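Below is one structure, written out as structure tokens, with a few remarks after it.
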Amino acid sequence: MSKWIPLWLHKLGSPPIFYRFAGTLRPWFLGLALVAGAVALYGGLVLAPADYQQGDAYRIIFIHVPSAWMGLFIYGVMAVASFVALVWRIKLAEAVAMESAPIGAAFTFITLVTGSLWGKPMWGTWWTWDARLTSELVLLFLYLGVIGLYHAFEDRRQGARAAAFLAIIGIINVPIVHFSVNWWNTLHQGSTVRILGPSKISASMLWPLLTMMVATKLYYVASLFGRVRADLLELESGKDWVRRIATENSVPGEQA
Amino acid sequence: MSHFFAMGGYAAYVWPAYAVFFIVLLADFVSPLLRRRRNLRELRARLARQTARQHRSATPAVNS
Numbered sequence: 004m005s006k007w008i009p010l011w012l013h014k015l016g017s018p019p020i021f022y023r024f025a026g027t028l029r030p031w032f033l034g035l036a037l038v039a040g041a042v043a044l045y046g047g048l049v050l051a052p053a054d055y056q057q058g059d060a061y062r063i064i065f066i067h068v069p070s071a072w073m074g075l076f077i078y079g080v081m082a083v084a085s086f087v088a089l090v091w092r093i094k095l096a097e098a099v100a101m102e103s104a105p106i107g108a109a110f111t112f113i114t115l116v117t118g119s120l121w122g123k124p125m126w127g128t129w130w131t132w133d134a135r136l137t138s139e140l141v142l143l144f145l146y147l148g149v150i151g152l153y154h155a156f157e158d159r160r161q162g163a164r165a166a167a168f169l170a171i172i173g174i175i176n177v178p179i180v181h182f183s184v185n186w187w188n189t190l191h192q193g194s195t196v197r198i199l200g201p202s203k204i205s206a207s208m209l210w211p212l213l214t215m216m217v218a219t220k221l222y223y224v225a226s227l228f229g230r231v232r233a234d235l236l237e238l239e240s241g242k243d244w245v246r247r248i249a250t251e252n253s254v255p256g257e258q259a
Numbered sequence: 014m015s016h017f018f019a020m021g022g023y024a025a026y027v028w029p030a031y032a033v034f035f036i037v038l039l040a041d042f043v044s045p046l047l048r049r050r051r052n053l054r055e056l057r058a059r060l061a062r063q064t065a066r067q068h069r070s071a072t073p074a075v076n077s
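Going line by line, the protein sequences match chains B and D. For the first sequence, this note's numbering begins at 4 and goes up steadily by one. For the second sequence, this note's numbering begins at 14 and goes up steadily by one.
In structure tokens, the structure reads:
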């Protein structure tokens with residue numbers, strides 16, 4: 004391992020240490036996600052006023068947009084972890100990449116369904132084959148492709164390498180999704196929230212949206228930790244540390 | 014309160030959207046927990062079989 008990598012980070016890459024680390028932090032991330040999510044829901048559904056054009060239908064934005072951001076964000080994490088897994092063959096990076104895929108697929112699915120439920124009353128249609136919607140659907144298929152390829156191999160690590168390769172190639176779709184509303188004419192509205200420059204949304208609607216973004220990020224960490232823990236137990240089932248965990252938890256119903 | 018649930022006439026779109034959000038994320042969160050528990054149970058069963066086999070070969074049955 005290179006010198007510039009701090010020792011604690013190096014240690015954290017070891018499956019038994021990460022397993023314990025993730026197990027300790029997971030409830031905190033989940034708890035914070037639930038608190039932030041509850042605050043955001045109260046702000047979005049109760050405190051924020053109705054939109055002057057869309058009435059109360061716009062309230063779908065508070066789950067639709069954070070989910071869409073997560074779909075892209077998780078794809079980025081998956082692609083970076085895939086790159087690390089392919090280059091350095093780190094088992095933990097493989098686990099992070101492969102366990103991110105189902106979470107990203109879940110958020111992308113939510114984005115498509117909530118978008119459809121929002122599109123029907125506002126555009127008059129559940130679906131249209133325009134750039135934003137089509138590229139978002141491609142994103143879902145990329146996630147499903149990664150999941151499918153991972154499970155298509157008898158040897159899990161071989162499957163992870165093949166799927167990691169697909170994940171890296173698919174990153175090309177992420178900027179396409181993001182910029183599709185600028186590059187092509189579309190029914191979909193442009194970006195409401197901008198990092199540079201003023202957002203096109205009132206503060207009473209913006210803060211629940213950003214709080215929900217924080218909540219979904221925290222949720223992603225909690226979910227990822229739970230998934231990676233389960234994955235590491237499978238990958239290392241022959242090792243002593245896993246056997247110890249198995250015998251320690253022999254009381255039925257008891258969770259570590 | 015009923016005003017809140019009516020969502021200005023868009024209840025049929027807003028509430029299903031929120032329901033999908035929570036149901037999908039709940040399923041996402043629960044599935045690895047179940048997977049982990051199942052794997053640990055299988056591993057325990059395998060370890061139990063192994064120790065039983067070792068035990069048998071160490072002390073041969075008397076009437077054989």
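In this text, a Cβ means the ideal position worked out from N, Cα and C, and glycines have one as well. Please read all numbers here as calculations on a predicted model, not as lab measurements.
Boundaries of the alpha helix (DSSP H) harbouring T219(B): 206 to 238, taken from the DSSP string. Counting of Cβ neighbours within 10 angstroms places A98(B) among the buried residues, the total reaching 16 or more. In the structure shown, the three-state DSSP call for D54(B) is strand.
When rounded, the separation of the alpha-carbon atoms in W130(B) and Y153(B) is 30 Å.
A residue is called buried when at least 16 other Cβ atoms come within 10 angstroms of its Cβ; P69(B) meets this threshold and is buried. For the pair A36(B) and Y222(B), the CB atoms are nearer than the 9 Å cut-off. For a Cβ distance threshold of 8 Å, residue set R246, A249, T250 of chain B lies close to L60(D), ordered along the chain. Pairing G118(B) with L60(D), the inter-Cα distance amounts to about 49 Å.
DSSP places I174(B) in the coil class of the three-state scheme, outside both helix and strand.
With a threshold of 9 Å between beta carbons, R66(D) makes no contact with chain B. A direct Cα-Cα distance of roughly 15 Å separates T27(B) from L46(D). Annotation for L169(B): G148, V149, L152 place their beta carbon closer than 7 Å to its own, counting only its chain and skipping 5 residues before and after. Shown here for G16(B): same chain residues with a beta carbon closer than 7 Å to its own, the five before and five after excluded, namely I93, L95 in chain order. Using a CB distance cut-off of 9 Å, S15(D) does not count as an interface residue toward chain B. Residues of the stretch 20 to 32 of chain B with a C-beta less than 9 Å from any C-beta of chain D: none at all. Measuring C-alpha to C-alpha distances from Y23(D) to each of G122(B), F86(B), F21(B) identifies G122(B) as the nearest. For the pair Y22(B) and W210(B), the CB atoms are not nearer than the 9 Å cut-off.
Between I36(D) and N185(B), the alpha-carbon positions lie close to 32 Å from each other. In the assembly as shown, G46(B) is a buried residue. Its beta-carbon has 16 or more other beta-carbons within 10 Å. Counting every other CB atom within 10 Å of its CB across the protein chains shown gives S15(D) a total below 16, marking it as exposed.
For S194(B), the closest C-alpha among the options A71(B), V80(B), P105(B), Q161(B) is that of A71(B).
Contact between V177(B) and L75(B) is confirmed by a C-beta separation of about 5 Å, below the 8 Å threshold. For E157(B), there is no enclosing alpha helix (DSSP H), as DSSP marks it with neither H nor E.
Rounded to whole angstroms, the separation of the alpha carbons of L190(B) and F34(D) is 23 Å. The beta carbon of I66(B) is closer than 8 Å to those of I113, T117, M215 in its chain, skipping five residues each way along the sequence.
In this structure A108(B) touches L143(B) by the C-beta definition: roughly 6 Å separates them, less than 8 Å. Cβ proximity to chain B below 7 Å picks out Y26, V27, P29, A30, Y31, V33, F34, V37, L38, D41, F42, P45, L46, R48, R49, N52, L53 from the stretch 25 to 55 of chain D.
Nearest neighbour of Y78(B) by Cα position, chosen from S202(B), I106(B), G241(B), turns out to be I106(B).
For the set A51(B), M101(B), G229(B), K220(B), the Cα lying nearest the Cα of A155(B) is the one of M101(B). Across the set A249(B), V224(B), K14(B), L227(B), the C-alpha of A249(B) shows the shortest separation from the C-alpha of L236(B). When Cβ-Cβ separations below 9 Å define contact, P9(B) makes no contact with chain D. If you ignore the 5 residues before and after D234(B), its C-beta comes within less than 8 Å of the C-beta of A98, M101, E102, all in its own chain and listed in chain order.
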